Structure formats: C-alpha cells, structure tokens
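In the UniProt record's numbering, the protein residues as written are 4 to 601.
Backbone N, C-alpha and C define an ideal beta-carbon position, used for all residues, glycine too.
Given the structure is predicted, the values throughout are model-derived calculations rather than measurements.
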Amino acid sequence: VPVARIRNFCIIAHIDHGKSTLADRLLQATGTVADRDMKAQFLDNMELERERGITIKLQAARMNYKAKDGQQYVLNLIDTPGHVDFSYEVSRSLAACEGALLVVDASQGVEAQTLANVYLALENNLEIIPVLNKIDLPGAEPERVKKEIEEIIGLDCSGAILASAKEGIGIDEILESIVHLIPAPQDTVSQPLRALIFDSYYDSYRGVIVYFRVMDGTVKKGDRIRLMATGKEYEIDELGVLSPNQIQVGELHAGEVGYVAAAIKAVEDARVGDTITLAYEPAAEPLPGYAQAKPMVFCGMFPTDADRFPDLREALEKLKLNDAALSYEPETSSAMGFGFRCGFLGLLHMEIVQERLEREYNLDLIITAPSVIYRVTPVKGEILYIDNPSHLPDPQHREKIEEPYVQVDMITPEEYVGTLMELSQTRRGIFKDMKYLTQGRTTLSYELPLAEVVTDFFDQMKSRSRGYASMEYHLIGYRENPLVRLDILINNDPVDSLAMIVHRDKAYNVGRSLVEKLKELIPRHQFKIPLQAAIGSKIIASEHIPALRKDVLAKCYGGDISRKKKLLQKQAKGKKRMKAIGTVDVPQEAFMAVLRLD
Ligand code: GTP
4 VPVARIRNFC IIAHIDHGKS TLADRLLQAT GTVADRDMKA QFLDNMELER ERGITIKLQA
64 ARMNYKAKDG QQYVLNLIDT PGHVDFSYEV SRSLAACEGA LLVVDASQGV EAQTLANVYL
124 ALENNLEIIP VLNKIDLPGA EPERVKKEIE EIIGLDCSGA ILASAKEGIG IDEILESIVH
184 LIPAPQDTVS QPLRALIFDS YYDSYRGVIV YFRVMDGTVK KGDRIRLMAT GKEYEIDELG
244 VLSPNQIQVG ELHAGEVGYV AAAIKAVEDA RVGDTITLAY EPAAEPLPGY AQAKPMVFCG
304 MFPTDADRFP DLREALEKLK LNDAALSYEP ETSSAMGFGF RCGFLGLLHM EIVQERLERE
364 YNLDLIITAP SVIYRVTPVK GEILYIDNPS HLPDPQHREK IEEPYVQVDM ITPEEYVGTL
424 MELSQTRRGI FKDMKYLTQG RTTLSYELPL AEVVTDFFDQ MKSRSRGYAS MEYHLIGYRE
484 NPLVRLDILI NNDPVDSLAM IVHRDKAYNV GRSLVEKLKE LIPRHQFKIP LQAAIGSKII
544 ASEHIPALRK DVLAKCYGGD ISRKKKLLQK QAKGKKRMKA IGTVDVPQEA FMAVLRLD
C-alpha cells in the first residue's frame with residue numbers, strides 16, 4: 004500500500020473503560036481475525052494480564068480496511084499498557100502513531116491516568132478522536148462526559164463518537180474517522196532507515212522479537228541492522244507484520260509497523276525507544292526521546308529455603324531476558340542470608356515479578372518492604388545512592404539525605420476530597436492545586452515523597468473513595484528532609500531487612516506501631532521474644548511476645564499414631580511462609596508489616 008493509505012493509531016483509555024473490547028471489535032469488523040478464532044480479547048494475551056484484567060505489555064495489530072471511499076487502507080493499531088508504572092513505554096508507542104482514539108466510559112468520565120496519556124499524545128502532536136464507550140449502559144451520560152473532556156482537556160467533542168464496544172455500536176464510524184481524521188505518515192522512504200522500537204519480547208527459539216514502526220527509509224529481510232543506543236549489529240533473520248499473528252514479509256517502508264527477529268539475546272539489547280538503522284548506511288541521528296527506564300522501587304527477595312538461592316538467580320536471569328526494566332544484584336543479609344536486591348519501575352511491576360517467580364518458577368520467597376532510592380551526601384567522598392535502608396551511613400558520617408518526590412494528580416468525586424486531603428497530609432504531602440470539574444468531580448494535586456506513595460497510598464486512595472478516585476504520578480526531583488534510619492531488633496538482634504528510612508517526626512509513631520504489629524504477626528515460641536525499635540542506640544519502642552506454654556502434641560501422646568500424624572499434617576498445611584532469624588521464625592507478613600500500619 005502507498006504510504007498515503009496507512010494509518011497508525013493507538014487507544015488511550017483508563018482501565019476497564021473498554022480498550023481491549025474495542026480493539027477486538029475493530030479486528031473483527033475488518034476481518035483481521037475470523038469470528039470463530041476470536042478468543043476473548045486478542046490483544047492482552049498474557050495470562051497474568053487477563054487474570055488481573057489489565058494490559059501490561061503492548062502489542063500491535065495490522066488491519067486491512069476497505070473504506071466507504073472505495074479505497075483499501077492499512078490500519079495499524081498499537082496497544083499501550085494501561086498502568087502508570089509503564090508510562091515511558093506508553094510515550095514510545097504514542098511516538099509511533101499519528102493519531103489516538105481516546106476511549107472514555109460514558110457512565111464514568113475522564114480519569115487521572117487517561118489525562119496523563121492524553122497530554123503525552125498532545126505533546127507528540129497526535130490527532131485525538133474522542134470515543135464515548137458503553138453508551139448501552141442505562142447510566143451512560145455522554146453529554147456530561149463530553150463536557151468534561153472539553154473542560155479538562157480542551158478537546159472539541161462535537162464530533163465525538165458514541166459507541167458500545169460490547170454491542171458493536173459505532174464501530175464503522177470509528178473506522179471511518181481513523182481513515183479521515185488521522186493523517187497518513189510522512190513519505191520519507193528515500194531517507195536512511197530509522198525505525199522506532201516500541202516493544203520487544205524474548206522468544207526462546209528466535210531470540211528477541213522486536214516490534215517497531217519504520218519512521219524513515221526501508222528495511223529488508225537479510226539487512227544488517229544497527230541499534231543506535233547500544234551500537235550492536237545484527238542480521239535480520241525474519242521480518243514481518245502482525246495481523247495480529249506474525250506473517251513474514253520481504254520488506255517494510257516508512258510508515259509501516261512490523262517485527263524483526265535477529266538472534267538478539269535479551270530485550271536489554273533492543274530497548275524500547277531505541278532506533279534501528281542500517282549498519283552500512285546508518286542514519287546521522289537516532290530518533291528523539293530515547294531514555295532508559297529506571298527502577299524507582301527496590302526490595303530484597305530471599306528464598307525461604309536457603310538451598311534455592313541458585314534457582315532464584317536462574318529465574319531472575321530468565322525474567323530479565325524479557326524485562327529490561329528489572330534490575331537485581333546479590334544481597335547478603337545477616338538476618339536473611341543470601342538473596343537479591345531487586346529494582347522495579349513501580350509497585351505493580353514489583354508485584355508482577357514476584358508473582359511470576361512464585362508461579363512460574365515455583366519459588367517460596369520472603370520479600371522485604373519496598374524502598375526508594377535516597378541521595379546521601381557524605382561528610383567525605385562522593386554522593387551515594389542508597390536503595391537499601393540498612394546501608395544508610397550513620398548520622399555523623401553524612402551531611403544530608405534527599406529523597407525523591409512525585410507530583411500526584413487525583414480525580415475524585417467531590418465527597419471524597421476531604422478524606423483524600425487528609426490521606427495526603429498524613430503522608431507528608433504538600434498541597435498544590437484543586438479544581439472543580441463537572442458535576443461534583445474534582446482534581447486534586449499534591450507533591451509527595453515517593454516513599455510515602457509506594458507504600459499503600461494507592462490502596463488507601465481506592466478504599467477511602469470506594470474505588471471512585473483515580474491517580475497518576477510522576478517524578479519531580481529530590482528534596483532534603485530530616486530522615487533517620489529506624490532499626491528493628493528481634494530477640495535483641497537488629498534485623499537488617501526490617502530497617503527502614505523514615506522522617507524524624509514520624510519515627511516514634513512508626514516504630515511503636517511496627518513493634519505492635521510484629522507482636523501480632525510473629526507466632527509465640529518456647530521462649531520470650533523481646534521486640535524493639537531503635538534510632539541509633541536509642542530504643543524508642545519495645546514489646547515482647549510471651550513464651551508458648553503447651554506442646555501441641557502433648558494431648559495425643561499415648562493416643563494412636565495415626566491421629567498424631569494427622570495433627571502434624573494439619574499443622575504442616577497451615578504452616579506459613581517463615582524465615583528463621585536467629586532462633587525466631589518470622590512470617591512473610593512481618594516484612595510487609597510497615598505497609599499495614601494504621
Ligand atoms: P485494560 O485492559 O485493563 O486496560 O481494560 P480495558 O480498557 O481493555 O477494558 P475491557 O475491554 O477489558 O473492558 C472492561 C469491562 O467493560 C469488560 O467487562 C467489558 O465487557 C466491559 N465493556 C467494554 N465495552 C463495553 C460496552 O460498550 N458496554 C458495556 N456495557 N460494557 C463494556
């Protein structure tokens with residue numbers, strides 16, 4: 004097809020507003036996927052994603068569409084992940100498009116994450132087509148939601164499409180709008196090759212499969228390509244399009260979307276945002292906007308069974324092949340033994356990795372509470388970046404500590420403004436802005452330390468607003484604060500993996516609540532266990548777990564053996580995931596106790 008008849012677009016939508024359902028409809032309506040092959044939701048195909056009902060990794064699909072003007076068009080849909088942890092990937096898939104469908108649930112309205120992505124799309128100069136989905140619902144209020152989009156985003160909604168992805172309403176109109184409103188790519192086929200990588204995944208047979216949009220020039224099967232950020236070169240084994248299954252082609256030109264396989268060993272070598280060019284006729288400059296996704300949240304991961312440390316290492320190596328943003332390095336803890344300190348883009352990313360390690364690799368892990376990266380200026384020497392609270396230098400050795408701050412934008416029904424302000428304030432938030440939107444909906448902005456957000460801020464926001472509020476956050480820089488290291492001692496031994504960095508003014512309360520929580524969570528032993536919280540050598544809170552008196556088996560001594568066995572089995576089944584720290588068995592929940600302080 005000539006470039007004038009290609010349209011590249013993505014769908015911007017808040018979780019559950021119907022992005023996947025709509026994508027499926029478009030694939031069906033264009034005959035890309037036959038009805039009988041239509042598994043529920045073609046685009047999100049990771050099991051985990053489907054279970055959680057969220058899109059994590061992006062994919063793409065090429066559709067052939069015969070428009071009402073009688074012409075044949077190629078429509079490339081590039082999917083975007085729906086979560087704030089992956090906003091860099093979103094920005095790269097937007098950069099690969101000329102337009103976007105903005106899908107908003109007509110019974111809900113604009114949400115914080117949608118807004119963040121619309122602004123990204125506007126920065127990339129995309130043509131935005133508003134689509135009000137779910138108009139079949141009795142509670143749909145398309146007029147109110149249109150007004151909301153106009154007021155918040157300043158987007159003209161007179162031509163907004165009323166649709167129901169579920170009922171198949173408005174689908175033709177959406178396809179026609181894509182053809183008529185979204186501009187064709189520029190015809191830069193005569194320039195040196197530049198292709199933008201917007202996704203990649205690891206395949207154990209073919210190596211990394213790279214998804215890209217050709218921005219300039221032409222790429223052919225057999226070409227020797229160079230990845231401009233890493234400088235590495237590869238021979239293309241396989242070139243193709245996604246329709247949505249992979250179909251091989253001989254060449255792809257400026258404006259087209261496709262994939263390559265070139266025996267690339269890890270996704271790290273073909274990162275999202277990197278530019279593909281030809282090794283023999285390289286482009287002078289890479290495409291703009293490349294950045295390496297940086298981990299922002301860290302935690303320790305330790306196998307409950309120390310013998311499985313090599314298995315954990317192997318599992319992390321494998322996951323890393325497919326996840327350039329995951330970082331890990333060996334960590335030795337005096338309390339926990341050998342494990343890894345792992346870095347993630349955000350909490351969701353952390354949960355996904357943890358779940359995959361446990362499910363796909365059958366590992367029992369103890370995970371320590373998440374931490375952020377602190378910037379420490381020592382009295383002598385160079386600035387330190389500390390991602391492990393137990394490594395914080397003592398006060399006499401440091402000049403100052405700075406911590407990362409984020410701007411958090413929330414959208415909420417008016418009645419929850421009070422409770423969300425209170426939440427933000429108790430998390431050391433600085434109020435920035437509040438605006439009333441339509442009919443009792445309000446935007447609320449705060450600056451908050453990231454450390455206060457990565458604990459349970461999101462869950463708290465959701466529960467306080469009965470699920471109605473949404474949020475988005477982005478990093479705004481480092482700020483100095485009087486922070487201290489809070490140590491926890493179990494049975495008089497400091498437990499390095501329970502150490503945390505807290506604001507001086509909150510240390511006393513956090514310390515006290517934490518030892519109280521640990522008292523609840525750690526089971527009784529045969530001996531008395533003292534629990535303490537300390538700052539330096541000063542104990543600020545203490546409790547103890549009384550000794551256990553009776554032996555559980557005592558009552559069946561003398562009874563028949565099968566009954567004893569049964570009791571032991573029952574106990575084994577109910578046995579929690581534990582880590583022995585000294586002589587004390589500490590359950591997994593204890594390491595996360597800090598996330599559950601009230
Ligand atoms: P993420 O993958 O998490 O981004 O969600 P999504 O935006 O892809 O939402 P999805 O398509 O999975 O739809 C969410 C829910 O809304 C599903 O239960 C759909 O069946 C339902 N849904 C989607 N479109 C419509 C619609 O037009 N009308 C009604 N009534 N329900 C719809």
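Between the CA atoms of residue j and residue i - distance to the nearest angstrom
i: Ala-338; j: Pro-485; result: 27 angstroms
i: Thr-83; j: Ala-124; result: 12 angstroms
i: Gly-340; j: His-547; result: 25 angstroms
i: Leu-158; j: Thr-441; result: 15 angstroms
i: Ser-161; j: Lys-149; result: 8 angstroms
i: Leu-453; j: Ser-336; result: 25 angstroms
i: Lys-22; j: Val-213; result: 23 angstroms
i: Glu-385; j: Val-487; result: 20 angstroms
i: Ser-427; j: Thr-446; result: 14 angstroms
i: Val-6; j: Arg-316; result: 47 angstroms
i: Met-299; j: Glu-405; result: 14 angstroms
i: Pro-291; j: Ile-155; result: 29 angstroms
i: Lys-435; j: Thr-429; result: 15 angstroms
i: Ala-593; j: Ile-279; result: 47 angstroms
i: Leu-178; j: Val-589; result: 58 angstroms
i: Ala-596; j: Ser-110; result: 38 angstroms
i: Val-36; j: Leu-30; result: 6 angstroms
i: Gly-470; j: Gln-116; result: 14 angstroms
i: His-183; j: Val-375; result: 47 angstroms
i: Tyr-364; j: Gln-62; result: 25 angstroms
i: Asn-391; j: Met-424; result: 30 angstroms
i: Cys-302; j: Lys-69; result: 52 angstroms
i: Met-581; j: Glu-151; result: 51 angstroms
i: Ile-525; j: Phe-305; result: 18 angstroms
i: Tyr-377; j: Ala-99; result: 35 angstroms
i: Gly-432; j: Val-456; result: 10 angstroms
i: Asn-11; j: His-17; result: 20 angstroms
i: Lys-71; j: Ser-466; result: 48 angstroms
Cβ pair residue i, residue j closer than 9 angstroms
i: Ala-168; j: Arg-28; result: yes
i: Thr-371; j: Ser-500; result: yes
i: Asp-219; j: Leu-196; result: yes
i: Ala-166; j: Ile-138; result: yes
i: Leu-517; j: Leu-492; result: no
i: Ile-228; j: Ile-131; result: no
i: Ala-198; j: Val-217; result: yes
i: Ala-119; j: Ser-96; result: no
i: Val-270; j: Phe-215; result: no
i: Gln-249; j: Lys-224; result: no
i: Ala-265; j: Asp-240; result: yes
i: Gly-514; j: Pro-398; result: no
i: Val-107; j: His-20; result: yes
i: Leu-395; j: Ala-296; result: no
i: Pro-381; j: Met-353; result: no
i: Leu-230; j: Glu-238; result: no
i: Ser-473; j: Glu-92; result: no
i: Tyr-4; j: Gln-75; result: The question names Tyr, but residue 4 is Val in the sequence shown. Closer than 9 angstroms, so yes.
Exposure of residue i, with buried meaning 16 or more beta-carbon neighbours within 10 Å
i: Gln-535; result: buried
i: Asp-412; result: buried
i: Ala-294; result: exposed
i: Met-464; result: buried
i: Pro-247; result: buried
i: His-477; result: exposed
i: Tyr-388; result: exposed
i: Ala-583; result: exposed
i: Ser-207; result: exposed
i: Phe-201; result: buried
i: Ile-504; result: buried
i: Gly-258; result: buried
i: Ala-550; result: exposed
Residue i CB to nearest heavy atom of ligand 2 below 8 angstroms
i: Ile-81; result: With respect to small molecules bound, the structure shown includes ligand 1 and not ligand 2.
Within the stretch 149 to 229, ranges of the beta strand (DSSP E) (whole runs, at least 3 residues):
197 to 206, 210 to 219, 221 to 223
Quick one: complete beta strand (DSSP E) runs, 3+ long, within the stretch 232 to 269?
236 to 238, 241 to 245, 249 to 251, 254 to 256, 260 to 264
Entirely enclosed beta strand (DSSP E) segments - the stretch 302 to 347, minimum 3 residues
Listed in chain order, the complete beta strand (DSSP E) runs (minimum 3 residues) inside the stretch 302 to 347 are 330 to 336, 340 to 347.
Which parts of the stretch 88 to 121 are runs of the beta strand (DSSP E), unbroken and 3 residues or longer, counting only runs that do not cross its ends?
The stretch 88 to 121 contains these whole beta strand (DSSP E) runs: 102 to 108.
As an exercise, report each continuous beta strand (DSSP E) stretch of at least 3 residues that is fully enclosed by the stretch 435 to 480, in chain order.
444 to 452
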